[in-house]
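Chains as they are written, first to last, in the UniProt record's numbering: chain P, 1 to 713; chain R, 1 to 713.
Idealized CB from N, CA, C, for every residue including glycine.
Reading through the structure tokens given below for one structure.
Number of protein chains: 2
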Amino acid sequence: GTGADNDLYINQAIVFIEDAIQYRSINHRVDSKSLWLYRWYYSRTCQWILSLTITIILALAFIEKPSSLTVTSDVRYRLPAWNPPCGLTESIELLCFLVFVVDVSVKSYLIGWEEFWKNKWLMAYILTLIVSLTDWIVSLSFFCTENVRIRRILRPFFLLQNSSMMKKTLKSINSTLPEMASVVLLLAVHLSLFTMFAMLLFARTKDGQQDKEWVVYFRNLPESLTSLLVLLTTANNPDVMIPAYSKNRAYSIFFILFTVLGNLFLMNLLTAIIYNQFRGYLLKSVQSSLFRRRLGIRAAFEVLSSLKETPANAQQSYVSIGALLRVLQKVDMDFRCKQAIMRSLTTCSCDQLSAVQFQKLFEELDKDAIRQHPPSPEYQSHFMQKMQFAFGHPYFGYVGNVVALANIVSICVVLVMDADKQPSERDDYFLGAINCFFILYYLLEMLLKILAMGLKRYLSYPSNRFDGLLTVILLVLEIATFAVYKFPHPGWRPEFVGLLSLWDMVRLVNMLIVFRFLRIIPNMKFMALVVTTLLDLVKNLRAFAGILVVVFYTFALTGIMLFKGAVVPLGNIRYVGNRLSASWLFFNLCNLMVGVILYFKEKRDFMALSGHFQAEVTYCLLYLLSVNLICRWAKIYFVAWWLISSVIWVNLFVALLLENFIHKWDRRCHREPLSDIEYQRTVELMFRDVLEEPTEEELMEKLHQHPHLQLCR
Amino acid sequence: GTGADNDLYINQAIVFIEDAIQYRSINHRVDSKSLWLYRWYYSRTCQWILSLTITIILALAFIEKPSSLTVTSDVRYRLPAWNPPCGLTESIELLCFLVFVVDVSVKSYLIGWEEFWKNKWLMAYILTLIVSLTDWIVSLSFFCTENVRIRRILRPFFLLQNSSMMKKTLKSINSTLPEMASVVLLLAVHLSLFTMFAMLLFARTKDGQQDKEWVVYFRNLPESLTSLLVLLTTANNPDVMIPAYSKNRAYSIFFILFTVLGNLFLMNLLTAIIYNQFRGYLLKSVQSSLFRRRLGIRAAFEVLSSLKETPANAQQSYVSIGALLRVLQKVDMDFRCKQAIMRSLTTCSCDQLSAVQFQKLFEELDKDAIRQHPPSPEYQSHFMQKMQFAFGHPYFGYVGNVVALANIVSICVVLVMDADKQPSERDDYFLGAINCFFILYYLLEMLLKILAMGLKRYLSYPSNRFDGLLTVILLVLEIATFAVYKFPHPGWRPEFVGLLSLWDMVRLVNMLIVFRFLRIIPNMKFMALVVTTLLDLVKNLRAFAGILVVVFYTFALTGIMLFKGAVVPLGNIRYVGNRLSASWLFFNLCNLMVGVILYFKEKRDFMALSGHFQAEVTYCLLYLLSVNLICRWAKIYFVAWWLISSVIWVNLFVALLLENFIHKWDRRCHREPLSDIEYQRTVELMFRDVLEEPTEEELMEKLHQHPHLQLCR
């Protein structure tokens, strides 16, 4: 019937508008039941359950068998980590897999059979699930004693496929790969030509005294290649040159040439290429997001315009305001946006909307929320008004900054004075007294500010919230200190009582004071710019961070599988063994994805390697490769690791930072008058000025290609 | 008289056009005698003498007293360097100073008294000369035994003031300094806050066992600051974290936060800022060059239009073609340009030129030379034509590349096979035989190409010149080998004869073959792009390199003065002494400005430090600062050195590379059809598309402000 049709159209419009808001594709089934399923699937609860499942399955690695989640990393003192019984983690895993199976089935059903075959991500999803389940069955049938667990390496895929932003970023990275591969190829050519040159230059000579260079670094082809590769990471930079250099200064020319060409030119060229390529692709992906949004809105318009209640118009289609209001009431969207759209709808004089008007209405979605601070309280008393003026004035904030600086300086002075004292000689009186004074001032400042601005206005500024929170914590700590250790007096060295010693309490207070000093940031223009850029970057970096997590996870688990028992102790080195190599690589995952740690006693007291940033990876390469601790596979593993985590990821980061900063900087120059710091949180907003609006023809063409929606016209 | 006036005008026009060609300012005296002096001063001979003088005075440091220009850098085997007698270097210096005095007098006279007072560079030049001469007199009166020689540190100024490009670049760097200072300030704040945090976090505890972190890295304020500064250079990256980390994994969060904020964010922010700022300023300076050129041309037009022979015209001024031809004949300019201008003059139908036409005529100066290759010879014989077709075809070149690759591979195989053999076991027969074959092929290839293309056309390609030269050298070497050591045969291990042993000869040949393999570069599109970018960069980098030389020179000589005898040998370290510290810093200068070397024997066989690139400087900081070898002054010296050479210079380099590459890349995308590689050698040409032409009003206003030229109208 017409009523059912109308209900269907309304529901379709609701879903299309929600798609537009979330930048989702509109190519899904549009019959009533599917729409209900679709809304259920993308409801907050369902998506939250899905995210939780992904988190759980990723976190499983922390308690699974070769885990090293202990307080100390020192194998000498470390207690054995808890080993879950066989079947515990496996049953949790099975639950997760079941959720994923439901997820993939719903997704596949919703996009329809034809689209399913085109969607490589979904196919890969199903394949991953099949492999994982098979591996799970194998694992259980061996009672968890098998060594190779493929499903662990596949886990990060679930994270990857669930985020459209990450998929987009991966696509961007994928598009830059050919260019990157060219430079990496160039690096390889550079490396191999120089290796041959080096082997010819530093050949074995007839008198054994003179060929130190040959013995240490260029004994054979793999050795030479390694030496020069490590030189490319600048880890062995002066060392590799020294034996030859001490023979003849001219040999240094070879190393200088290699370093200048490889490090200064080719490596930076990689930065340039990644920056150049990535810039374009980021813009492109944002452009496609915009297209999805416009398409969703347009689709909603088209279905609403085919409502029977709308009078047919030969020339143009229209949407009645009543229908739109019905749709809007049911749409799940940001409250502020909904209010704004409703407001402009009710103030609209006409009772029908054309496509252009409809589209314009929803441009509210693209706008920033302009945050309005609540007003200050209005006092009657003349004295209070003066107080309000005085303590609401920015100068009062500056005085507070100066006091905070004075506090920092005083702490610094005490630290310098106490540096060489024994802990037993230390007198905590002075620090205790001054901190007490300063914290009282901070409390006073907070109260006066609240008085002047009113609590609501005070709390509406993030800097005040930061300030107030820290002041309250400091106050609580100080009161606790006095309650436990009494008031400070000269020679104040009480015995240890309660949870923390007095010295620890004072340290904690001092640390918080140092941290509180960051409140000066918004007062310094350049610093504020830098900090807002960094905050933007962090927001934009989520997709990158996700991909990084995927890479780390895969590398860590691959490492565990590859190097189980591969660390062979050398000579008089303390035996560390099997467990270490696993925990060492697992550390990647455990410690906020930080590093690789290898721990043993040699001539140095201890030597530890961790691989996250360039230098760390560099260290890894230097020591691991030169010490020849691990077999040749480790070399390849670490070179791949270095290339991906250090070279490519760092360069991507630099590219994003450059892009973000230059954009911000330009805007700052253009929009000098704006006094408030403008937070631009998303990639979409960053590029808003350069984005192109899709044309009507493009939108309609795309709509007509929709696999499930039959438009009347 | 009118004739004399006319001659003056002609001369003025000549000089103005020459100014325009060289991008010089036209604000100099314009009377006849001054013009003669001006042309004499800017003649090639004079400028060559000036450059030579600057080179000599800079090179003096290599033979002056604390020089270390010896073959080996090993103090154990090194012969004492030659010490010139007192008075020898001093008299050369005096000669140089005299040249500079003449230079500064002529320059000051030419720009005139009023301009002189505005020109800070000239004032500084005079001041430098006065100080240098005073120091020279002091030096001689002490018979060269004085320690402090200020004039040495001032020497690089002569290099600086002589290059307008370097002055411009310095101005650009100067303009970015405030922004850089902001980031450096931010880094300082970051560093000091984290230092305080670290001192509070890693304080001395009551049980002495647990505070390894405090003992090694955070004993007092300077120590802590140093530890974290070195961490910022990533040199002590895992080490500094390990004692705390082995106590509790959570401590790593502190170090990770510090590294991520400092290294990943702030350091890269510096790159972004320098890139962003520098981009603008480079364009600006190129824009001002263009203005100078247009102004010179316009000035020439104005003086020529006031020639009496030109009919007065109320509305517009004109220049007769005859006058311009007379000027052109005397102007010292690129032959190709002159020809092109003459040609368009003679084909011009009118006999007078307006200002616009005049300006347009000289736009030839802005154009690239389009290199035309001479034609191939035309053979009569049908066979020869076929030969020509076959060997002139690009495929023949590809075959040559494949053969070169095969040669490289064969050398590689031999190297791998011979890697573990004793030199006495080595059989040179195989390598000798295959090289002989390959070199014959190369010779044949060269001859056939010459046959197909003709000698002139063959030589007009740079890749062919490279190829041919190496082939000839290889041939000569091979013939020499056979002449000395006979033809190769199995078991070919002749005794050492002549200058080089057979093995050395073979190695030399192999190295040349590896080098010759670079001929493949123009055949690979991406490689060709990269290589041309690098070549451009080298051209554009001359000014940078000059400034780098200035900085290195100053640092090296300051270091020598500061640390004379400051290296105090520790414990059982072999005494290296006074001389070393001098030579060590002097090495900066000696070895193509490469590094700092410190050489002593401890537990390791030897440890050498050199400071040019990040990692090297990093090493310096790590070892020098942690070993505490040198007093606190050295710390400041090395931190300054690290900031300038490593942080700022490398970032400037990256900025220039990014700029250059992105520009080039964009152009490549636009101009895909162009098959020949286009060399864009100068900054001016790189920016040509974005430059703005100065307007007529701007030019005329500037002309009327000329201090010496009175225009009639």
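Have a look at residue i and residue j and give me their C-alpha separation to the nearest angstrom.
| i | j | result |
| --- | --- | --- |
| P/T532 | P/T89 | 42 angstroms |
| R/L187 | R/L643 | 11 angstroms |
| P/P394 | R/L232 | 35 angstroms |
| R/H190 | P/M527 | 11 angstroms |
| P/A13 | P/Y38 | 13 angstroms |
| R/K486 | R/S501 | 13 angstroms |
| P/K212 | R/Y441 | 37 angstroms |
| R/V124 | R/F157 | A small correction: the amino acid at residue 124 of chain R is Ala; Val does not occupy that position in the sequence shown. Straight-line Cα distance between these residues: approximately 9 angstroms. |
| R/N628 | R/E64 | Its pLDDT being 45, under 50, R/N628 is placed unreliably by the model, and nothing is read from it. |
| R/S25 | R/L122 | 15 angstroms |
| R/F515 | R/V506 | 14 angstroms |
| R/G296 | R/S289 | 11 angstroms |
| R/A4 | R/S306 | 13 angstroms |
| P/E93 | P/I57 | 6 angstroms |
| R/L469 | R/L475 | 10 angstroms |
| P/T558 | P/Y9 | 51 angstroms |
| R/T45 | R/L159 | 18 angstroms |
| R/R29 | R/C348 | 33 angstroms |
| R/P707 | R/N27 | 7 angstroms |
| R/K449 | R/L477 | 22 angstroms |
| P/K247 | P/Y217 | 15 angstroms |
| R/T169 | R/Y109 | 26 angstroms |
| P/T53 | P/F142 | 25 angstroms |
Going by alpha carbons, who is nearest to residue i out of the options?
| i | options | result |
| --- | --- | --- |
| R/Y543 | R/L455, R/L328, R/M166, R/R465 | For the record, residue 543 of chain R in the displayed sequence is Ala; it is not Tyr. It is R/M166 whose Cα lies nearest to the Cα of R/A543. |
| P/N174 | P/V690, P/H706, P/K664, P/W649 | P/W649 |
| P/F202 | R/K284, R/L508, R/E445, R/V183 | R/L508 |
| P/S164 | P/I547, P/L703, P/E698 | P/I547 |
| R/A340 | R/C350, R/L328, R/S349, R/D351 | R/L328 |
| P/H663 | P/V530, P/L264, P/F555, P/E701 | P/V530 |
| P/Y41 | P/T55, P/F100, P/D7, P/C96 | P/F100 |
| R/F265 | P/R155, P/V538, P/V550, P/V484 | P/V538 |
| R/A61 | R/S285, R/R152, R/K338, R/E115 | R/R152 |
| R/S172 | R/N220, R/Q287, R/F142 | R/Q287 |
| R/L35 | R/V104, R/G112, R/A545 | R/G112 |
Per DSSP, which one or two residues make a beta bridge with residue i?
| i | result |
| --- | --- |
| R/V319 | R/L353 |
The ligand COA and residue i: does any heavy atom of the ligand fall closer than 6 angstroms to the residue's C-beta?
| i | result |
| --- | --- |
| R/F430 | Here there are no bound small molecules, and the ligand COA is not part of this structure. |
Members of the region 403-415 of chain P near chain R, C-beta cut-off 9 angstroms: So the close ones are I408, I411, C412, L415.
Near-chain R residues of the region 636-666 of chain P - C-beta to any C-beta below 7 angstroms: Shown in chain order are the members of the region 636-666 of chain P whose Cβ falls below 7 angstroms from a Cβ of chain R: F653, V654, L657, L658, F661, I662, W665.
Inter-stretch contact at 8 angstroms, needing at least 3 Cβ pairs: the region 329-336 of chain R / the region 16-24 of chain R: Short answer: they touch.
Against chain R: residues of the region 262-287 of chain P by CB proximity under 7 angstroms: Those would be N263, L264, F265, N268, L269, T271, A272, Y275, N276, in chain order.
Residues of the region 430-445 of chain R whose Cβ lies closer than 9 angstroms to any Cβ of chain P, in chain order: Residues of the region 430-445 of chain R with a C-beta atom less than 9 angstroms from some C-beta of chain P do not occur.
Chain R contacts made by the region 326-345 of chain P, where a contact means CB separation under 9 angstroms: Those residues of the region 326-345 of chain P placed with their C-beta closer than 9 angstroms to a C-beta in chain R do not exist.
Cβ pair count under 8 angstroms reaching 3, the region 260-278 of chain R against the region 650-660 of chain R: With the cut-off at 8 angstroms, the region 260-278 of chain R and the region 650-660 of chain R touch.
Touching by the beta-carbon criterion (3+ pairs, under 8 angstroms), the region 129-147 of chain P and the region 43-53 of chain P: Fewer than three pairs of CB atoms, one per stretch, sit closer than 8 angstroms, so the region 129-147 of chain P makes no contact with the region 43-53 of chain P.
Chain P contacts from the region 159-189 of chain R (Cβ-Cβ distance under 7 angstroms): Listed by position, the residues of the region 159-189 of chain R near chain P (Cβ gap below 7 angstroms) are S182, L186.
The region 450-464 of chain P in contact with the region 391-408 of chain P per 3-pair CB rule at 8 angstroms: In this structure the region 450-464 of chain P lies against the region 391-408 of chain P, because at least three pairs of beta carbons, one per stretch, are closer than 8 angstroms.
Cβ pair count under 8 angstroms reaching 3, the region 373-381 of chain R against the region 444-461 of chain R: A contact exists between the region 373-381 of chain R and the region 444-461 of chain R.
The region 520-552 of chain P: positions lying closer than 7 angstroms to chain R by Cβ: Identification of residues in the region 520-552 of chain P having a C-beta nearer than 7 angstroms to some C-beta of chain R yields F526, M527, V530, L534, given in sequence order.
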